[in-house]
Structure formats: structure tokens, C-alpha cells
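First comes the structure, then the notes that go with it.
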Amino acid sequence: MSEQSMSGSNGRPSFVVLGGGPAGLGAAYKLAQRGWRDVTVLERGSRVGGNAGSFVIDGVPVDFGSHRLHPACPPPVMADIRTLLGEDLLDRPRHGRIRLRGRWVHFPLKPFDLFTRLPPAFMAGVVADAARKRLATGRNGGEESFASILEQGLGRTICRDFYFPYAQKIWGLPPTALDPEQAKRRVSNGSLGKMVRRVLGAIPGFRKPGAGRFFYPKQGFGQISDAFHRAAVASGATVILDARVTAVHVSNRRVSGVDAVIAGETRSFPATHVLSTIPLTVLTTLVRSEGQPPVTTAPLQQRSMVLVYLTLDTDRFTEFDAHYFPEAVIRITRLSEPKNYSQTTRPGRTVLCAELPCALGGTEWTMSDAELSALVCQDLERAGLGPVPTVLAVQAQRLPHAYPLYTKGYRQAFDALDTWVGGIEGLVTFGRQGLFAHDNTHHTLGMAYALVHCLREDGSLDRGCWTEARKGFETHVVED
Ligand SMILES: Cc1cc2nc3c(=O)[nH]c(=O)nc-3n(C[C@H](O)[C@H](O)[C@H](O)COP(=O)(O)OP(=O)(O)OC[C@H]3O[C@@H](n4cnc5c(N)ncnc54)[C@H](O)[C@@H]3O)c2cc1C
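Residue numbers 87 to 566, in our numbering, belong to the letters of the sequence shown in order.
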């Protein structure tokens, strides 16, 4: 279906962007750069950045979980980030650790480290799995799942000791209950061949540009969104914070505007185009439509996360940027120490951020700060990282939409919502929440750039262009 030309009462297109995370801000910046003057971003929070934002605890900038900008960032996005951040964009070596069978292994994996630190039984298991040749043939027979795909690609040993317990903690479901898509999109080392190439990539001479490194802004990952915010406003866009979108109006299958609650009052924003980055499931409940039948489908599920920040009475807890905990006995999945890579100078203090995936409203979600602090300290001691220095303060942040949950058959539910939204002219969804994609920030900024590129001069969407762009998004693989 080709979208008809649309313009507001003044004959010009008007855009309302829902959500001020990186995707929404990136889109606003590009829209304003293309010369459109009527561009408004509505953001529910009191700061921009969404899940990729930052805030400061006791002089130390922290993020919503461990965030880094991966060198795989699309070149046009990277060029803008470099221009916007200048010298504030640090190029850092990756220096993490994974706990496997009670031992620490460097992450990203390094050949020498793997051979000297991994238990011989583990290495023997991996080699035996490779030799068994069941890896390439996919003889598992039964229905495909996250578990079967990974086991075919990586063998039993790596799955049993690393991916399966980790997956169970992250998504709260047995790996056999997860759609194969989860393995394709979420696991960048999905086969032994890829894993070997990655490991070899750590050796000088084999190393690809950017391997083992990441970019990080001096004042926290959220500085990227802050920079897009400033650039969008400087280019003529309006960004309104503390503006919770409560309705998207549709008349004769065409979007006509948005309502948002700002300072307790409902305000209306007429618009010819609504570009949405808010969760797709939320958006579908907000559409107030004449002539559009309501959507009926099983809801898509999200995994939530509690982030526990411990302020410690010490300069540094460890030298590492992040620790990964696949073992089931430890409840947190990752611990980061942003001071180690943001170059914050805050003498006598550091802040740890522990990631605790959970169900919305579940046991961990409702724990008090004191309970969460005790849980994290206990986990760190179990991992051999104790005793934890004096905890001066604890603070928790809760992300209701941390990870899209690709349960088996999720695709049908997604396609139903996506088709329904696609039937409303002037309404487009994109970004991590909008496309229910487990994507990195550079992917979501890439989506924003692609979307604005696919708009015609009159603001209407070239659907062929957008369909092609979306096919490209399907190939995104998440980097940790
Ligand atoms: C624990 C964790 C670690 C991660 N690590 C990395 C990493 O290392 N590198 C990386 O590149 N990416 C990482 N990511 C992913 C990254 O956070 C996302 O890719 C990025 O936030 C997606 O941006 P977005 O704009 O699409 O969505 P979001 O950041 O989710 O933004 C959506 C925005 O919509 C707003 N909103 C929602 N409802 C409404 C409403 N009704 N009205 C108005 N506004 C609304 C929200 O407040 C939010 O600001 C990580 C994510 C998590 C959870």
C-alpha cells in the first residue's frame, strides 16, 4: 500500500515522536536536519536516554546496567556520535571476566587464557563435542528451540555450562521454551566456528579493527542520548520531558494526533505523523480509533530487571569493567563498575551495578533496597569476590521492559500487532521497544536514520524503502 501525501492544516507535515530514548532522539535529530520544522518528542521520564540513559550516584556516572557502544555501529551513526561527543568519546579496551565452573576466564575470550584457566574437563568436553560432528548436522530431530539451535552450533558442554543456565536467568524460562529466534538474534557466537574466529581475533595479526574494544562517553553512556537531544533541539526540534503519552488518535485509519499528560494536565498534539519507540504492546492500548477494529492477539512478553547500585567506601572494587555470572547458584547475571571505564575521578568511592533479571512484580522486583543489597553481597561472596567493602548506600532502579521475551510462537503475536499498526497511515514503530527487537543502541539509532531516510519530501513513508530497511534489521545480532 503506498501512503498518501499527508500534511497538516498549514500544508506541512507535523511529526510527534513517542519516546526520548536514543531511537526517538536520533529520529528527531534527523527529521530536523532534513528541514522539517514541526517535530516534537514526548518523553515520559524526567530525563532522556530511556534504558540507555545515565545518572550520577555520589559523583560517579552510572548507566542502567552495563552499556557500551560497539564498534559495529553503522558508519553514518558513528560519524555523528564522534562529531557530537568529540574528545568525550573514549576508546576503551574490553576487560571483563566470566565465571565458568568456579574459575575466571577473560571476556572477550583470549586463546592463552582459555587454555590455561579453563578446567581440562571443560576443554575436553568442547573438543569431544566438535569431534562428534553432531554440531553441523542438526540431528536433534524434534522441534527447534533456542536450546536445539545452540546445542547444534556449540555442542553440549558450552551450552550446559554457559548458555543454558545464563539463558534461564536472563529470560526466566528453560532454553527449550524459547524461540530459535532468540539464539539467532541474541548469541553472536552461535557456532563453534564463529567462537574460534572470535578467539583468534584476539591475537595480533588476526585482529579485526575494533575487536576487543568499545567506545564509552566520559560522563556515562547516556551522554550519547544527551548529545542527540541537544543536537535535535539545536536543529529546531522540541523535546518535552515528563510527558506521558496516553492516547494516539486515529480517524479513518489515519493518525491525527496524540494526547500526553504533562504536569497533571492532558495536552493534545495534532500530528500528521506519529513515530513511536514506546513498547509496541503499550502503543496498541493507546490507539483511540474510529474505523480501526481493535487488535486481538496474545500479548508479547517482556523480561524485567532490577538494577542494584552499591556505593562502596573504596576507590576501586576490581580492575574489571564487567563480571558475567552464568552459574545458576549466583542470581545476578552481570556486575559492572563504570568508574573503571568512564575515567571518573572520585577519590575514595566506587559504585557497582548488579543486574538482576526478574518477572515484573515478582519476588526480586518487590525486594527492599536492604534485601537487594544483601542478595548482591551474598552473590559476590559466593563468586569469590568478597568480602565486599563497606556499602555506604544502596539504590535500586527497575526496568519494566528490559528484554523482549521470544517465547515459542511469539512471532505470530508480533506479526499480528505489527500488521495492525501498519494499517494506520502516518503511524510507524521503530526502536528496540517499537519493533520488539533485542537490539543494541547502535542498531536502534540505525533504525531511526533509516526511517527518516525512507520519508518522502512531503513526510509520507516510502513503504518499499521501509520494508527493505526492516529486512536489514532482522539480521542484527546483539553484542554484549
Ligand atoms: C541491562 C541492559 C544492558 C544493555 N547494554 C547495552 C550495551 O552495552 N550496548 C548497547 O548498545 N545497548 C545496550 N542495551 C540496549 C539499549 O539499552 C537499547 O538498545 C536502547 O535503550 C534502545 O533505545 P530505544 O530508544 O529504542 O528504546 P528505549 O531506550 O527503551 O526508549 C524508549 C523511551 O520511550 C519512553 N516511553 C515509554 N512509554 C512512554 C509513554 N507512554 N509516553 C512517553 N514516553 C514513553 C521511555 O521512557 C523511554 O525513554 C542494554 C539494555 C539493557 C536492558
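Idealized CB from N, CA, C, for every residue including glycine. The model shown is predicted, which means the values in this text are computed figures rather than measured ones.
Buried or exposed: SER337, going by 16 or more other Cβ atoms within 10 Å of its Cβ? exposed
Put LEU195 into one of helix, strand or coil per three-state DSSP. DSSP, read as helix, strand or coil, puts LEU195 in coil.
If you draw a straight line from the C-alpha of TYR585 to the C-alpha of VAL319, how long is it? Nothing about residue 585 can be read from this structure; the chain reaches only from 87 to 566.
On the DSSP bridge list, what partners appear for LEU372? DSSP output for LEU372 lists no bridge partner at all.
Just reading off the alpha helix (DSSP H) that GLN388 is part of, what are its end residues? First-last for GLN388: 387-398, but that is the beta strand (DSSP E), not the alpha helix (DSSP H).
Does ligand 1 have even one heavy atom less than 7 Å from the beta-carbon of ARG518? yes
Going by other Cβ atoms of all chains shown within 10 Å of its Cβ, with 16 needed for buried, is MET391 buried or exposed? The Cβ neighbour count for MET391, taken over all protein chains shown within 10 Å, is at least 16; the residue is labelled buried.
Could you check whether the Cβ of GLY423 sits closer than 7 Å to any heavy atom belonging to ligand 1? With the sequence shown as reference, residue 423 is identified as Glu, and Gly is not the correct amino acid for it. Answer for GLU423: no, Cβ out of range of ligand 1.
First and last residue of the alpha helix (DSSP H) that includes LEU537? 527-539
Using only the alpha-carbon positions, how far apart do ALA523 and TYR492 sit? Take the alpha-carbon of ALA523 and the one of TYR492: they are about 9 Å apart.
I'd like the span of the beta strand (DSSP E) that includes ASP345, first residue to last. It spans 340-348 - the beta strand (DSSP E) in which ASP345 sits, taken as one unbroken run.
Where does HIS335 fall in DSSP's three states? Three-state result, HIS335: strand.
So, is the C-beta of PRO197 closer than 8 Å to a C-beta in chain D? The structure shown has no chain D; it contains just one protein chain.
Going by CA-CA distance only, name the one from CYS444, PRO194, ASP124 and VAL360 that's closest to ASP566. PRO194
Between which residues of its own chain and ILE313 is the CB-CB distance below 7 Å, once the five residues before and five after are set aside? Looking at the sequence itself, residue 313 is Ala, so the reference to Ile does not match. LEU170 and LEU171, listed in sequence order.
Please report the distance separating the alpha-carbon of GLY136 from that of ILE167. 17 Å
Per DSSP, which one or two residues make a beta bridge with LEU62? Residue 62 lies beyond the range of the chain shown here (87 to 566); nothing can be said about it.
Start and end of the beta strand (DSSP E) containing TYR489? Judged by DSSP secondary structure, TYR489 falls within the beta strand (DSSP E) whose first and last residues are 477-491.
Helix, strand or coil: how does DSSP classify SER231 here? coil
Cβ neighbour criterion (16 or more within 10 Å) applied to GLU423: buried
Taking just the CA atoms, how far does ARG98 sit from ALA440? 48 Å
Quick check: does the Cβ of SER152 come within less than 7 Å of any heavy atom belonging to ligand 1? Yes - ligand 1 has a heavy atom lying nearer than 7 Å to the Cβ of SER152.
Does the beta carbon of ASP345 fall short of 7 Å from some heavy atom of ligand 1? Of the heavy atoms belonging to ligand 1, none sits nearer than 7 Å to the Cβ of ASP345.
Examine ligand 1 and report whether any of its heavy atoms sits within less than 7 Å of the Cβ of MET391. yes
Our contact map puts THR397 next to VAL462 with C-beta atoms below 8 Å; I'd like the distance itself, whole angstroms only. 12 Å between Cβ atoms; not a contact.
Tell me whether VAL368 counts as near ligand 1, meaning its Cβ is closer than 7 Å to at least one heavy atom of that ligand. yes
Pull up the DSSP beta-bridge partners for ARG218, would you. As DSSP reads the structure, ARG218 sits in no beta bridge.
Report the rounded CA-to-CA distance for THR126 versus ALA323, giving the unit in angstroms. 6 Å
Taking the alpha carbon of CYS159 as the reference point, which residue from ALA456, TYR302 and ARG340 has its own alpha carbon closest? When only C-alpha atoms are compared, the closest one is TYR302.
For GLN119 and TRP552, the rounded distance between their alpha carbons: 19 Å
Measuring straight from C-alpha to C-alpha, what distance separates LEU421 and ALA357? 43 Å
Between ARG130 and the rest of its own chain, which residues show a CB-CB distance below 6 Å, the 5 nearest in sequence each way excluded? ARG330
Name the one or two DSSP bridge partners that LEU104 has. In the DSSP assignment, LEU104 is bridged to LEU128 and SER362.
Under 7 Å from any heavy atom of ligand 1, does the C-beta of ILE364 make it? yes
Have a look at GLN254 and TYR496 and give me their C-alpha separation to the nearest angstrom. 17 Å
Between which two residues does the beta strand (DSSP E) holding VAL142 run? Taken as a continuous stretch (DSSP letters only), the beta strand (DSSP E) holding VAL142 covers 140-143.
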